[in-house]
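Asker: So the number in our numbering is just where the residue sits in the sequence shown, counting from 1, plus 98. Heads up, the beta-carbon is just placed ideally off N, CA and C, and yes, glycines get one too.
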Amino acid sequence: MKKAVSILVLLYILFNGQWVLAQSDIDYKIEMLNWNEVNQILPKYSKFIVLDVETGKQFHVQRRAGSHHADVQPLTPKDTKIMKKIYGGKWSWKRRAIIVIHKNQWIGASMHGMPHGAGALKNNFPGHFCIHFYGSTTHRTNSMDLSHMLMVLKASGKLNEYLGKANPYDVIDAYIAGIKQHDTRITSQISLQKNKWRSVFKLVENIRLARMERLPAEDLTSEISLDVPVEVDWYIKNRGRQTYKETIHLVRFSPSDAWKVDSEHFLTKNNLP
Numbered sequence: 099m100k101k102a103v104s105i106l107v108l109l110y111i112l113f114n115g116q117w118v119l120a121q122s123d124i125d126y127k128i129e130m131l132n133w134n135e136v137n138q139i140l141p142k143y144s145k146f147i148v149l150d151v152e153t154g155k156q157f158h159v160q161r162r163a164g165s166h167h168a169d170v171q172p173l174t175p176k177d178t179k180i181m182k183k184i185y186g187g188k189w190s191w192k193r194r195a196i197i198v199i200h201k202n203q204w205i206g207a208s209m210h211g212m213p214h215g216a217g218a219l220k221n222n223f224p225g226h227f228c229i230h231f232y233g234s235t236t237h238r239t240n241s242m243d244l245s246h247m248l249m250v251l252k253a254s255g256k257l258n259e260y261l262g263k264a265n266p267y268d269v270i271d272a273y274i275a276g277i278k279q280h281d282t283r284i285t286s287q288i289s290l291q292k293n294k295w296r297s298v299f300k301l302v303e304n305i306r307l308a309r310m311e312r313l314p315a316e317d318l319t320s321e322i323s324l325d326v327p328v329e330v331d332w333y334i335k336n337r338g339r340q341t342y343k344e345t346i347h348l349v350r351f352s353p354s355d356a357w358k359v360d361s362e363h364f365l366t367k368n369n370l371p
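#1: Ignore the nearest five residues each way along the sequence and tell me which others in Gln121's own chain have a CB closer than 6 Å to its CB.
#2: Rounded to the nearest angstrom, what separates Ala163 and Ser241 at their Cα positions?
#3: On the DSSP bridge list, what partners appear for Leu348?
#4: The alpha helix (DSSP H) that contains Tyr260, what's its start and end?
#5: Give the DSSP-derived three-state secondary structure of Trp133 in the structure shown.
#6: Terminal residues of the continuous alpha helix (DSSP H) containing Asp169?
#7: Taking Met209 as part of the beta strand (DSSP E), name the residues at either end of that continuous run.
#8: If you check the beta carbons only, do Phe157 and Val148 fall under 7 Å apart?
#9: Just verifying my parser: in three-state terms, what is the DSSP assignment at Lys294?
#10: Which residues mark the beginning and the end of the alpha helix (DSSP H) in which Ser245 is found?
#11: Would you kindly work out how many angstroms separate the C-alpha atoms of Phe231 and Leu261, rounded to a whole number?
#12: Which residue wins for smallest C-alpha separation from Lys294, given the options Pro371, Val198, Ile229, Val170?
#13: Would Val328 count as contacting chain D if we go by Cβ distances under 7 Å?
#14: Can you tell me which of the three DSSP states Arg312 falls into?
#15: Keeping to the same chain, check which residues put their C-beta closer than 7 Å to that of Ser286; ignore five residues upstream and five downstream.
#16: Around the C-beta of Asp281, are 16 or more other C-beta atoms found within 10 angstroms, so that it is buried, or is it exposed?
#17: Taking the alpha carbon of Trp357 as the point to measure from, which residue in Thr366, Val198, Ile346 has its own alpha carbon closest?
#18: Go to Val269, then tell me how far its alpha helix (DSSP H) extends in each direction, as first and last residue.
#19: Measure the C-alpha to C-alpha separation of Asp243 and Thr235 and round it to an integer number of angstroms.
#20: With a 10 Å radius around its C-beta and 16 neighbouring C-beta atoms as the bar for buried, classify Asn202 as buried or exposed.
#21: What residue from Val250, Pro224, Arg350 has the CA that sits closest to Leu173's CA?
#22: Taking all protein chains shown into account, decide if Asp325 is buried (16 or more other Cβ within 10 angstroms of its Cβ) or exposed.
#23: When you compare each of Arg193, Gln279, Lys220, Phe351 to Thr178 by their alpha carbons, which one comes out closest?
#24: Taking 6 Å as the limit between beta carbons, can you name the residues of its chain near Pro175, skipping five residues before and five after?
#25: Which partner residues does Thr373 have in the DSSP bridge list?
#26: DSSP has Arg161 in a bridge; who is on the other side?
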């Protein structure tokens, strides 16, 4: 089913990496389309534009392969250079929210930034990278990658809606994924307190939720406070691996409100700013 979010351009548009107030009343849509539909819209060898949501930078790509998601390559060395700038000058597996622009369609998506496999274009890009849409799966699983899903939701304007209705366990999953991807939008949306997330991310090389105890969702309908036992593996700069085996504390102000993570408790317990 096609899902779309209408956004007035008169609010803000992305231009040269900055959010700029537009002087137009034109409507446009950022659509959250299922992979099966996108697979038909963007067949093999189709060319389109990738627009990075956070920086506003854009570059041209071509789809070369992929059956469960799109395997793509930057078109030219210039496009490769722009893509690498988006990733801070270093290739990375981290997911980023993007908008795929093809003809008159803007489609919410997610990419990683690590060249791998084969490449055929003369673009200074050693391989290809992957773009996921809603319903895309990885090479190894038959389900959506959580981080890619969150980035698709973010790009499509659906992240707030998803987190507002998520159960506490899905909120924790998203919170850990946000830290792993160094995404301030996701972590800030979930956190009870305001945090200097960029300072945290400078120290976090990786994080993995190894275990989480779950109660049936129907047992939590009236709860407004919850301590969830977890086991979290961290990889911290200049410290190496450390494991946290305690609880993540969540609260909400009423049974109809969104769950929030007590970041102050969680980060302090893990000796992070």
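Answerer: Working from what's here:
#1: Working through the sequence shown from its first residue, we reach residue 121 at position 23. Residue placement at Gln121 is flagged as unreliable, the pLDDT there being 37, under the threshold of 50; a coordinate-derived value is accordingly withheld.
#2: The count along the sequence shown starts at 1 and reaches residue 163 at position 65. The count along the sequence shown starts at 1 and reaches residue 241 at position 143. Approximately 19 Å, taken between the alpha carbons.
#3: In the sequence shown, counting from the first residue as 1, residue 348 sits at position 250. In the DSSP output, where bridge partners are listed per residue, Leu348 has Leu324, Val359.
#4: For the purposes of this step, residue 260 is taken as residue 162 along the sequence shown, with counting starting at 1. First-last of the alpha helix (DSSP H) with Tyr260: 257–263.
#5: What you label residue 133 is simply residue 35 of the sequence shown in a count that begins at 1. In the structure shown, Trp133 sits in a helix (DSSP, three-state: H, G or I).
#6: The sequence position of residue 169 within the sequence shown is 71, counting from 1. Counting along the chain, Asp169 falls outside any alpha helix (DSSP H), though it belongs to the beta strand (DSSP E) covering 168–172.
#7: Looking up residue 209 in the sequence shown gives position 111. That run of the beta strand (DSSP E) goes 203–211.
#8: Here residue 157 is taken as the residue at index 59 of the sequence shown, counted from 1. Here residue 148 is taken as the residue at index 50 of the sequence shown, counted from 1. Closer than 7 Å, so yes.
#9: Here the question's residue 294 lines up with position 196 in the sequence shown. If DSSP states are grouped into helix, strand and coil, Lys294 belongs with coil.
#10: Here residue 245 refers to the residue found at position 147 of the sequence shown. Taken as a continuous stretch (DSSP letters only), the alpha helix (DSSP H) holding Ser245 covers 244–253.
#11: Here residue 231 is taken as the residue at index 133 of the sequence shown, counted from 1. Here residue 261 is taken as the residue at index 163 of the sequence shown, counted from 1. Cα to Cα, Phe231 sits roughly 19 Å from Leu261.
#12: The residue labelled residue 294 in the question sits at position 196 within the sequence shown. Selected option, being the one with the closest Cα: Pro371.
#13: Given the protein chain composition of this structure (a single chain), no chain D is represented.
#14: Within the sequence shown, the letter at position 214 stands for residue 312. Correct three-state label for Arg312: coil.
#15: Here residue 286 refers to the residue found at position 188 when the sequence shown is read from its first residue. Contacts found: Trp295.
#16: Mapped onto the sequence shown, residue 281 falls at position 183. So Asp281 ends up on the buried side.
#17: Taking the sequence shown and counting its residues from 1, one reaches residue 357 at position 259. With distances taken between Cα atoms, Trp357 lies closest to Ile346.
#18: Taking the sequence shown and counting its residues from 1, the one referred to as residue 269 is at position 171. That run of the alpha helix (DSSP H) goes 266–278.
#19: On the sequence shown, position 145 is the one that residue 243 refers to. On the sequence shown, position 137 is the one that residue 235 refers to. Cα to Cα, Asp243 sits roughly 6 Å from Thr235.
#20: To locate residue 202, count along the sequence shown from 1; it is residue 104. So Asn202 ends up on the exposed side.
#21: For this step, residue 173 is matched to residue 75 along the sequence shown. Of Val250, Pro224, Arg350, the residue nearest in Cα terms is Pro224.
#22: Residue numbering aside, residue 325 sits at position 227 when the sequence shown is read from its first letter. Under this definition Asp325 is an exposed residue.
#23: One-based indexing of the sequence shown puts residue 178 at position 80. Out of Arg193, Gln279, Lys220, Phe351, Lys220 has the C-alpha closest to the C-alpha of Thr178.
#24: Start at 1 with the first residue of the sequence shown, and residue 175 comes out as number 77. For Pro175, where only same-chain residues beyond five positions count, the Cβ hits under 6 Å are Asn221, Asn222.
#25: In this structure the chain extends from 99 to 371, so residue 373 is not present and cannot be described.
#26: For this step, residue 161 is matched to residue 63 along the sequence shown. BP columns for Arg161 point to Val170.
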